[in-house]
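Accompanying notes for the structure given below.
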Amino acid sequence: MPVFLVLFLVVPLVEIYLLIEVGQIIGALPTIGLCVLTAAVGGALLRQQGLDTLARARRNLDEGHVPALELFEAVALAVGGALLLTPGFATDVIGFACLLPPTRRLLVQFALRRVNVVYGPAGRPGGGQGDRGRRDPRTIEGEYRRRDSDR
1 MPVFLVLFLV VPLVEIYLLI EVGQIIGALP TIGLCVLTAA VGGALLRQQG LDTLARARRN
61 LDEGHVPALE LFEAVALAVG GALLLTPGFA TDVIGFACLL PPTRRLLVQF ALRRVNVVYG
121 PAGRPGGGQG DRGRRDPRTI EGEYRRRDSD R
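Letter by letter, the sequence shown follows residues 1 to 151 in the UniProt record's numbering.
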């Protein structure tokens, strides 16, 4: 519940406060222009960084490696792009942090230290990386022959 409280109550209130403060300093139209400018620059940066990340992922796949880091970076890019499209300055700061390579890598490494990544067959108990070569005890092997009733 606290996450939703922050997302839907605290973040918009902080954004409104910052927009009002910046608007009082530089004026309403320049503030709106600044919001539009950050969205445009963020969109261009998102496209460029997304293509770079996609190229690295393809290169890793071609070399036979799992592009795990690139997948997490793609998630960070998507979050950053969404935050940059949200009007406001606090979300823009976080959005640009997700788009710039050095800070994005720090954010991804921070997230990876806090999650346990297991890959392998989905929905299978213990189906992680170290489970290769073992058979699923629920699998029954056998042969069958189709017998039609009219023959």
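We put the beta carbon where it would ideally sit given N, CA and C, even for glycine. Treat the numbers as computed from the prediction; the structure is a model and nothing was measured.
By the neighbour-count criterion, in which a residue is buried when 16 or more other Cβ atoms sit within 10 angstroms of its Cβ, Q49 is buried.
In the DSSP annotation of this structure, I140 is not part of any alpha helix (DSSP H), being labelled neither H nor E. Put simply, the stretch 15 to 34 does not touch the stretch 53 to 71. Fewer than three CB pairs are less than 8 Å apart. The C-alpha of P30 is placed about 36 Å away from the C-alpha of Q109. The alpha-carbon separation between E63 and L69 amounts to approximately 15 Å. When DSSP states are grouped into helix, strand and coil, P101 belongs to the helix group.
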